[in-house]
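Participant:
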Amino acid sequence: MNLDRLLKKVEKPARYIGGEVNSVLKDPKDVAVRFAFAFPDIYEIGMSYMGMQILYNILNSHEDIFCERVFAPANDMEEAMRKEGFPLFSLETKTPLADFDIIGFTLQYEMSFTTILNMLDLAGIPAKRADRLKSGRKWPLIVAGGPCAFAPEPLADFFDLFMVGDGEKLLPAICRLREENPDDRSEYLKLACKLPGVYVPEFYRPSYKEDGTVKEVKKLYSGAPDRVVRCFEKDIESLPFPEKPIVPFIETVHDRAVVETFRGCTRGCRFCQAGMIYRPVRERSPETILRYARKQLESTGHEELSLLSLSTSDYSQFEPLVTELQEYCAGKDISLSLPSLRLDSFSFKVLNEIQKTRKSGLTFAPEAGTQRLRDRINKNITEDDIFNSVEQAIRLGWKKIKLYFMIGLPGETEEDLDGIVDIARRIVDINYMVNGRAGGRFSVNVSVSNFVPKPHTPFEWEPQDTYDDFIEKHNYLRERLKKLKNVSFAYHDSPVSVIEAVIARGDRRVGALIYDAWQNGCKFDGWSEYFDMEKWEKAFVSSGVDKAFYAERRRNYNEILPWDIIDTGVSKIYLMTEDQLTVTTGDCRDACNSCGIIKYTDCPMMGCNAGEENQICRDM
C-alpha cells in the first residue's frame, strides 16, 4: 500500500507529508550520515519545540549530514500503519526509521517515555538495546538528549547513548564520529563517551543494597568517565540560530517566530530543575536578537513574535530590546508576545502597549499561599509584590487574572492552602475597590499543579505527597474556592504526577515499569484523554516497582542517587544547603551564591569577579 492511499484514511494528512516552507531536502546518496530527529508526540506539539528547529538547522548546515524529522503518529494514522504493515517514516524522504544511521529522541517530559517505545516498535526496531544486539542486524544508533537526559537511568536499557547539556556542537560531533565509524558500534561508543556530556549506559552497571537503594555503580569500561560532565556552551551569542525555521502547513500549538534571548536563570527556585541544570545565564546581544527576529519574520510570514527564555524580563537589556521590537512589530502589524514577565512598571507599560485594544489574561505565579512557604521554596516575591501588581493590572483594564500555585511542597501545612484561597479573595476585593460593582466581568482562575521532586534540585531528596494526599488537598481547595464569586479552580491530575515522580527519580529498574506500561497499551501519557492509571497499576505489579519507594520516600543526604553519574556543575553541597534553608537566597545577579558552576565554566554573575568567591566555587 502506498503512502498516498494511507493518508486518505486519516484526519490530518498534513502531519505526515513534509515539504513545508523552509524544510530541507537532500539526496540521501550524497550524505555520509542520516539523522532522524524524533519527537515523541504528535506533529503539532513537536513543531512548536524550538530546540528541534535549532538542531535541524545546525545539522543540515553540514553538507554530509542530513537531518530529517519524525513525530508520533496520531491514533488514526497508527492504526492504519499497523494494519497495512507500514513502518514509521521520516517526513522529508518518507524513509523507514530503521534505515537511518542515528535516531535521536528529545526527552522533554517523563510521561512521553512510553511513546518513545511505541515509536520504535512502529519502526520495527526492538525497543530494548539487548534485543537489538542479539538480533545480529545492524540497527540505527538510538540516542537521546534534552532535560530528562540529566536523569537517564529509567531509559538506560533502551538507548545506546545520552547527550547531556547543550547540543549545538555536541550533536554534530556525534554524527561526525558515526561517519568515521560506520560499522564498528563498540569502537564508536568508546570514542563517543570521551566527548563532553556523553553517557553510554552499557559502560556502567549499578548494584543495589537490600533496602533497594543504590549500592554502587561499577564501570565496565575503564575509558568511560567516572561522572559525565554536562556539555556547556559558554558563548551562545556565536551559536547558530534558525533564520528560516520550518513553517507548518497546519496550525500548531505555537504558530509564531521565536528567538531565544538567553539561557539559564538566576532566581534559584528550589523546586525548579531548569533553573539548576541550565546555569549559568548566557545572553545574546540585542543586535543579534533583533537580527534573528527580522530574518524569521521575513522568511516565514508569521504574524506573531515571541521571546524565549526562562524569565524573559530578567534579560539585562530588556527595556531597550523590547522598545525596539515593539516599534518594529507595530510598523508591520505583527503582535509581540512576552511570556514569563516579572510584572514591574516597565513590563506593565509594555503589556499595556501590546494589548491596547483587547487585553487577554495576565498570569501570576505565587507558587505558594503564604510568605513562609514562598521563602522556603525561594520564590522571591512578597504579598505586596503580588497585590500591587494585580492592582496596577486591574487599573490598566485587565479583566482576567490567572494564578499558578503548587501543592505538596516541602513544609506545606493547611495554612498554606488557606493562603491560596485568601490570595484569590483579596484579588477579587481589589477589583471591587478599583471598579466597583459596575466594573464589568472579572475573573480569577486558580490553577494548581502537584509538586514533583526533580533530580539536580535542592528538593531532590524530598518526599512527594501520596495520591490520596493530593486528592484531599484538591477537595479542600475546591470547597473553599467555590464560595468565592468570579473564581474558578483547575488542577493537575494526581495519578500523572505520581507516575512522573517515580520515573523522574527512578533508577535502571524503573525501565521495566515503562516497558510493561507500554506493553499494556500506554502512550501519550501526558494527554489526559489517553492516560490510563489502570494500565500503569498493572505495570507496577508485573515489574515489581514500588511507587512509594521512588515517589514518597525521603532520601538521605549520603545516599547514592541514580542520577549522580551526571555532573551538572552545581555542587551537592549547595543543593543540600538550599534544601535545609527556610529563608530566601538572593538572586545570582546580585552576588555569587557559590553554587559551584564556576568550577566548569566562566560564571558571568556579579560577585564572581572577586577571587574569594571564585575560590569558594572552585573548592566545591
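With positions in the sequence shown counted from 1, the corresponding number in this note's numbering is that position plus 33. Cβ coordinates follow ideal geometry from the N, Cα and C atoms, glycine included.
#1: Lys433 to Tyr232, Cα distance in whole Å?
#2: Three-state secondary structure (DSSP) at Leu194?
#3: I want to see whether chain B comes within less than 8 Å of Tyr49, judged by CB atoms only; does it?
#4: Is the number of C-beta pairs between the stretch 145 to 152 and the stretch 549 to 568 that are closer than 8 Å three or more?
#5: Can you name, in chain order, every residue of its own chain whose Cβ lies under 8 Å from the Cβ of Ile460, other than the five neighbours on each side?
#6: Around the Cβ of Gly544, are there at least 16 other Cβ atoms within 10 angstroms (buried) or fewer (exposed)?
#7: Can you tell me the Cα-Cα spacing of Cys264 and Ser219, whole angstroms?
#8: What residue range does the beta strand (DSSP E) around Gly619 cover?
#9: Could you tell me which residues DSSP pairs with Tyr437 in its beta bridges?
#10: For Pro654 and Asp268, I'd like the C-alpha separation in whole angstroms.
#11: Name the DSSP beta bridge partners of Gly137, please?
#12: Looking at C-beta atoms only, is the number of pairs between the stretch 291 to 309 and the stretch 320 to 327 that lie closer than 8 Å three or more?
#13: Excluding the 5 residues preceding and the 5 following Lys571 in the sequence, name in chain order all residues of the same chain whose CB lies nearer than 6 Å to its CB.
#14: Between which two residues does the beta strand (DSSP E) carrying Val655 extend?
#15: Considering Ile631, what are the terminal residues of the alpha helix (DSSP H) in which it resides?
#16: Is the beta carbon of Gly402 sitting closer than 8 Å to the one on Asp449?
#17: Tell me where the beta strand (DSSP E) around Ser575 begins and ends.
#18: Please report the residue range of the alpha helix (DSSP H) in which Arg407 lies.
#19: Do you know whose CA, among Glu611, Asp74, Thr128 and Glu44, lies nearest Asn35's CA?
#20: Out of Val454, Pro275, Glu352 and Lys412, point me to the one whose CA is closest to Asn55's CA.
#21: Expressed to the nearest angstrom, what Euclidean distance is found between the alpha-carbon atoms of Met309 and Arg38?
#22: What would DSSP say about Tyr76, mapped onto helix, strand or coil?
#23: Among the residues of its own chain, which have a CB less than 7 Å from the CB of Leu429, if the five just before and after it don't count?
#24: Hey, how far is the Cα of Glu495 from the Cα of Pro486?
#25: With a threshold of 6 Å on Cβ separation, who are the neighbours of Ala69 within its own chain once the five nearest residues in sequence on each side are excluded?
#26: Report the residue from Asp540, Tyr607 and Leu608 whose alpha carbon sits nearest the alpha carbon of Lys717.
#27: Assuming Tyr237 is part of the beta strand (DSSP E), what are its boundary residues?
#28: Relative to the alpha-carbon of Val467, which residue among Val481, Gly452, Glu493 and Ala426 has its alpha-carbon at the smallest distance?
#29: Does Gly52 pass the burial test, meaning 16 or more other C-beta atoms within 10 Å, or should it be called exposed?
#30: Out of Asp97, Met80, Ile78 and Lys62, which one is the CA nearest neighbour of Leu210?
#31: Can you pull the DSSP bridge partners for Val280?
#32: Suppose you measure from the CA of Met439 to the CA of Val481; what does that come to, to the nearest Å?
#33: If you follow the alpha helix (DSSP H) that Cys100 is in, where does it begin and where does it stop?
#34: Mind reading off the beta-carbon distance from Leu371 to Leu340? Whole number of angstroms is fine, and I expect it under 8 Å.
#35: Assuming contact is defined by CB atoms lying nearer than 8 Å, are Tyr500 and Ser527 in contact in what I supplied?
#36: Which runs of the alpha helix (DSSP H) spanning at least 4 residues fall entirely within the stretch 484 to 536, listed in chain order?
Facilitator: Let me lay it out:
#1: If you number the sequence shown from 1, residue 433 lands on position 400. If you number the sequence shown from 1, residue 232 lands on position 199. Lys433 and Tyr232: Cα-Cα distance of roughly 46 Å.
#2: Within the sequence shown, residue 194 is the residue found at index 161, counting from 1. Here Leu194 sits in strand by DSSP.
#3: You won't find chain B in this structure, because it holds only one protein chain.
#4: They touch, by the three-pair rule.
#5: Indexing the sequence shown from 1 puts residue 460 at position 427. Cβ neighbours of Ile460 beyond the five flanking positions: Phe420, Val423, Ile434, Leu436 and Val477.
#6: For the purposes of this step, residue 544 is identified with residue 511 of the sequence shown, where counting begins at 1. Buried: at least 16 other Cβ atoms inside 10 Å.
#7: By one-based count along the sequence shown, residue 264 stands at place 231. By one-based count along the sequence shown, residue 219 stands at place 186. Between Cys264 and Ser219, the C-alpha separation is close to 22 Å.
#8: Against the sequence shown, residue 619 aligns to sequence position 586. Under the DSSP assignment, Gly619 falls outside any beta strand (DSSP E); it carries neither an H nor an E label.
#9: Reading the sequence shown from its first residue, position 404 is the one you call residue 437. Answer is Ser480.
#10: Coverage of the chain is limited to positions 34 through 653, which leaves residue 654 absent and any answer about it impossible.
#11: Here the question's residue 137 lines up with position 104 in the sequence shown. Phe70 and Val176, per the DSSP bridge assignment.
#12: Yes, they touch.
#13: Numbered from its first residue, the sequence shown carries residue 571 at position 538. Taken in chain order, the residues that qualify are Asn553.
#14: Only positions 34 to 653 of the chain appear in the structure, and residue 655 is not among them; the question remains open.
#15: Translated into positions along the sequence shown, residue 631 becomes position 598. Here Ile631 belongs to no alpha helix (DSSP H), and DSSP marks it neither H nor E.
#16: Counting from one through the sequence shown, the residue named residue 402 turns up at place 369. Counting from one through the sequence shown, the residue named residue 449 turns up at place 416. Against a cut-off of 8 Å, the Cβ pair of Asp449 and Gly402 comes out as a contact.
#17: Residue numbering aside, residue 575 sits at position 542 when the sequence shown is read from its first letter. Per DSSP, Ser575 is not a residue of any beta strand (DSSP E); the alpha helix (DSSP H) it occupies stretches across Met566 to Ser576.
#18: Within the sequence shown, the letter at position 374 stands for residue 407. First-last of the alpha helix (DSSP H) with Arg407: Gln404 to Arg409.
#19: As a position in the sequence shown, residue 35 is number 2, starting the count at 1. Nearest to Asn35 by C-alpha distance, out of Glu611, Asp74, Thr128 and Glu44, is Thr128.
#20: If you number the sequence shown from 1, residue 55 lands on position 22. Measuring C-alpha to C-alpha distances from Asn55 to each of Val454, Pro275, Glu352 and Lys412 identifies Pro275 as the nearest.
#21: By 1-based counting over the sequence shown, the position of residue 309 is 276. By 1-based counting over the sequence shown, the position of residue 38 is 5. Between the alpha carbons of Met309 and Arg38 lies a distance of about 48 Å.
#22: Position 43 of the sequence shown holds residue 76. Tyr76 carries a helical assignment under DSSP once its states are collapsed to helix, strand and coil.
#23: Start at 1 with the first residue of the sequence shown, and residue 429 comes out as number 396. Cβ within range, chain order: Phe381 and Asn385.
#24: Against the sequence shown, residue 495 aligns to sequence position 462. Against the sequence shown, residue 486 aligns to sequence position 453. Rounded to the nearest whole angstrom, the C-alpha separation of Glu495 and Pro486 is 6 Å.
#25: On the sequence shown, position 36 is the one that residue 69 refers to. Answer for Ala69: Glu101, Val103, Ser123, Leu130, Phe133 and Ile136, listed in chain order.
#26: Outside the displayed span of the chain (34 to 653) sits residue 717, for which this structure offers no information.
#27: As a first step, residue 237 is located in the sequence shown; it is residue number 204 there, counting from the start. Per DSSP, Tyr237 is one residue of the beta strand (DSSP E) stretching across Tyr237 to Tyr241.
#28: Translated into positions along the sequence shown, residue 467 becomes position 434. The shortest CA-to-CA distance from Val467 to any of Val481, Gly452, Glu493 and Ala426 is the one to Ala426.
#29: As a first step, residue 52 is located in the sequence shown; it is residue number 19 there, counting from the start. So Gly52 counts as exposed.
#30: As a working mapping, residue 210 is identified with position 177 in the sequence shown. Residue Asp97 is the option with its Cα nearest to Leu210.
#31: For this step, residue 280 is matched to residue 247 along the sequence shown. Looking at the DSSP assignment, Val280 forms a beta bridge with Val54.
#32: On the sequence shown, position 406 is the one that residue 439 refers to. On the sequence shown, position 448 is the one that residue 481 refers to. It is roughly 5 Å from the alpha-carbon of Met439 to the alpha-carbon of Val481.
#33: Locating residue 100 in the sequence shown gives position 67, counting from the first residue. First-last for Cys100: Ile98 to Phe104, but that is the beta strand (DSSP E), not the alpha helix (DSSP H).
#34: The residue given as residue 371 occupies position 338 in the sequence shown. The residue given as residue 340 occupies position 307 in the sequence shown. With 8 Å as the limit, Leu371 and Leu340 qualify as a contact, their Cβ atoms being about 6 Å apart.
#35: Position 467 of the sequence shown, counted from the start, is the residue given in the question as residue 500. Position 494 of the sequence shown, counted from the start, is the residue given in the question as residue 527. Taking 8 Å as the Cβ cut-off, Tyr500 and Ser527 qualify as a contacting pair.
#36: As far as the stretch 484 to 536 is concerned, its whole alpha helix (DSSP H) runs of at least 4 residues are 500 to 514.
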